[in-house]
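First up is the structure itself, then whatever we jot down about it.
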Amino acid sequence: MESSSVITPEDVLESLMNDGTIDAIRLKIINQLKGNEELKNTTIKMVEQSKVLNTPGAEKQTKRELFDALRQELETSVLEKASKSVWDLILDNGGLGKEISETVERVFCRLSGREAPLFPPDIVTLIEKEKERIKGSEESKGKEKENENEHSDSTSKKRKFDQMNSEEGAEEVASRSSNPPAMLNDSSKIP
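Letter 2 of the sequence shown, counting from 1, is numbered 2 in the UniProt record's numbering, and no numbers are missing.
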């Protein structure tokens with residue numbers, strides 16, 4: 001039974017928000033960020049190297065003053081790193097990103113009256129394998145081209161300007177260009 005109305009992304013989002021799915025996904029992202037040791041270590045290093053904490057007299061400030069100053073100094077850079085980590089999670093085809101895609105597809109199918117999944121796992125797997133094969137063949141073509149360029153450079157008879165300049169010497173080249181052209185002798189003058 002297909003519905004006659006068009007299902008928009010906003011319809012899917014509203015459904016995900018109303019049934020608590022967005023909150024559940026948000027909680028999973030937060031828990032995975034909390035477990036991200038690389039993000040923790042980077043943040044700790046940033047705090048340890050902070051100008052605020054390493055300024056003389058910092059020990060006399062209140063915790064609140066230090067926290068506010070640290071936030072002002074580090075908030076943007078820490079949030080940028082956290083944001084990158086979140087996008088890595090969301091776009092991960094094997095973990096949370098896959099779960100998000102499947103959930104959105106399932107809700108879309110339910111709202112539109114279609115049967116899930118729209119893209120069976122075998123097709124998705126085949127598409128991903130084909131993308132990897134194409135990417136691999138492009139990389140190997142790039143390597144072949146690099147090898148050709150390296151080989152052609154070593155067998156080429158042409159010299160680059162820098163090579164000529166270094167072989168002949170900069171002074172010799174300069175003196176040649178400053179000499180006036182030779183005068184034609186009288187016998188070669190045109191009447």
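For each residue, glycine too, the CB sits at the ideal point set by N, CA and C.
None of these values were measured; they are calculated from a predicted model.
Here DSSP, grouped into helix, strand and coil, assigns ASP11 to helix. The C-alpha of SER101 lies about 29 Å from the C-alpha of THR76.
CA-to-CA, the gap between ASP19 and MET46 works out to about 39 Å. Three or more beta-carbon pairs separated by less than 8 Å link the stretch 95-109 to the stretch 4-19, which places the two stretches in contact.
LYS60 and GLN72 have their C-alpha atoms roughly 19 Å apart. Taking C-beta atoms under 8 Å as the contact rule, LEU53 and LYS81 fail to qualify, at a distance of about 19 Å. Judged by DSSP in its simplified three-state form, THR62 adopts coil rather than helix or strand. Burial of VAL12 is indicated by the presence of at least 16 other C-beta atoms within 10 angstroms of its C-beta.
Cα atoms of PRO9 and SER15: separation of roughly 10 Å, rounded to the nearest angstrom. Going by DSSP, THR42 is part of the alpha helix (DSSP H) stretching over 37-48. Residue SER50 holds the alpha-carbon nearest to the alpha-carbon of VAL78 among SER50, LEU89, VAL6 and GLY97.
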